[in-house]
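Every position in the sequence shown, counted from 1, becomes a number in our numbering once 79 is added. Note that beta-carbon positions come from the ideal geometry of N, C-alpha and C, so glycine has one too. Only one structure is covered here, and it is reproduced in the block below.
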Amino acid sequence: MQMKIPIFILSVVAVVVVTASNVRTDNAARVVDLKSTDGTVLKATYFAAANPGPGVLLFHQSNRTRKEWDMVARQLAAAGINTLTVDVRGHGESGGQESRGEARKKQWPLDLDAAFQYLISQPGVKRDVIGIGGAGVIGVENSVETARRHSDQVKSLVLLSGETSRDGLQFLRQASQLPELFVFSDDDEYPPIQQAMGLLYVTASSPSRKLVHYSASKDAPWKWYEPFDIGKVPATGGHGTDLFKGHPELPGIIVDWFVTTLIKTPGHAPADTLASASTINEIQTPGGVAKVTQQLIEARKTDRQAQLFPEITASTIGQGFLRAGDTKSAIDVLKLVLLAYPDSADANDNLAAAYLKDGQKDLARQHAEKALAILDAHTVPASSWTDTEEYRGEIRRSAQKTLKKLSEKQG
């Protein structure tokens, strides 16, 4: 069956005039007026962080308003991220009426520009480190389109229960290093949103994209379209920001995602096994390690922090080859892991063990000693996936065991 969720394609780029009121809602937030060039006033709330930092723009779903994002926005501001929530045209406290067809094509970019330009113009906002989040059909579409038009500045995306245009899908496919968080629930009252979100996820190419899927025994039955006749379909708590009530951990997941991708490692998130499935499968095929090695080298030419796969997943493959007696394949895979994660004590220790089994004593000693040196320096995590004292101890014992075996062989 063909999905019948309305899609609108951007065709006009417009200049925006932004004005702001100074109505305070709490210590960190103020209500602002954003004026597009056609004179329409959009109501928004700006949550300022205490210190200079990145910014996040949040779009609501069609049957809700910007206020549904207040809890997340406050947490983001407290974490150091300046955040703007906005009522889109014809919704909430904003003026104008939501239009369809050609009229919407002219109005849509005005609203996106007004919100984005206001956010990046605020004192203390790092205008080139911006995150975008949206819920529902219009929120997701607005988010992807804003990211597409400002790809040099947008470093992170959060998409809940929606879909996007053909141009948006193409953007997700091309944005191979953009961190993206996809969230949906099987009990969403607006199917086939479940499949629409699945399409977004599989179309996107970033190995650091993450999927949060709340499962149910079956999808909710189709009743009506989200953007039309708001209220015709009873809310069940499974759509967009409505998920916050039934899944109280979700706001924290979103905040942590933006903190990771905008503050800790701007524009980057840890590679995910599901997201990098094609690469993981490539590594396990004949000649695959060489192909992935070249892909990583090419990716690093434009982004020195680019990752194509998770360290632990590829390490597991290498150790599997080693246990199966295929030492050569094990070494090839573990060398690739070390190329991707050169500061990992774990990667050095795993490669040392493989070299030891292969009888390459000098290389085994070199990497075992490197693993211990990284642990002793206490300047970087023991691995990209964990840094607990317990695991550091495991790496230390393993590296020391390798060195002990080398000493015994010399004796």
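Residue(s) in a DSSP beta bridge with residue i
i	result
residue 527	Nothing about residue 527 can be read from this structure; the chain reaches only from 80 to 490.
residue 122	112
residue 213	138, 238
residue 164	124, 137
Inter-residue Cα distance where the pair is residue i and residue j
i	j	result
residue 133	residue 200	12 Å
residue 358	residue 388	7 Å
residue 421	residue 427	8 Å
residue 100	residue 161	Here the model assigns residue 100 a pLDDT of 41, short of 50, so the residue's position is not dependable and the matter cannot be decided.
residue 464	residue 187	41 Å
residue 236	residue 363	31 Å
residue 33	residue 288	The structure shown does not extend to residue 33, since the chain is modelled only from 80 through 490, so no value can be given for it.
residue 436	residue 379	31 Å
residue 283	residue 248	7 Å
residue 146	residue 467	39 Å
residue 322	residue 255	28 Å
residue 314	residue 253	35 Å
residue 445	residue 485	11 Å
residue 456	residue 424	11 Å
residue 191	residue 221	7 Å
residue 432	residue 369	21 Å
residue 232	residue 267	32 Å
residue 259	residue 402	35 Å
residue 173	residue 155	23 Å
residue 153	residue 381	35 Å
residue 462	residue 111	45 Å
residue 472	residue 480	12 Å
residue 343	residue 135	15 Å
Secondary structure of residue i, DSSP reduced to three states
i	result
residue 387	coil
residue 135	strand
residue 414	helix
residue 233	strand
residue 488	helix
residue 207	strand
residue 269	coil
residue 158	coil
residue 193	helix
residue 102	Residue placement at residue 102 cannot be trusted, given a pLDDT of 42 that sits under 50; the coordinates are not used to answer.
residue 257	coil
residue 130	coil
residue 177	coil
residue 243	coil
residue 393	helix
residue 280	helix
residue 470	helix
residue 297	coil
residue 143	coil
residue 463	coil
residue 117	coil
residue 308	coil
residue 314	coil
residue 220	helix
Counted within 10 angstroms of its Cβ, other Cβ atoms place residue i as buried (16 or more) or exposed
i	result
residue 397	buried
residue 334	buried
residue 241	buried
residue 353	exposed
residue 453	buried
residue 360	exposed
residue 32	In this structure the chain extends from 80 to 490, so residue 32 is not present and cannot be described.
residue 324	exposed
residue 377	exposed
residue 129	exposed
residue 305	buried
residue 139	buried
residue 351	buried
residue 164	buried
residue 116	exposed
residue 488	exposed
Complete runs of the alpha helix (DSSP H) confined to the stretch 401–457 [at least 4 residues]: 406–419, 424–436, 440–456
Ranges of the alpha helix (DSSP H) found wholly within the stretch 322–381, counting only runs of at least 4: Listed in chain order, the complete alpha helix (DSSP H) runs (minimum 4 residues) inside the stretch 322–381 are 322–325, 329–338, 356–362, 367–381.
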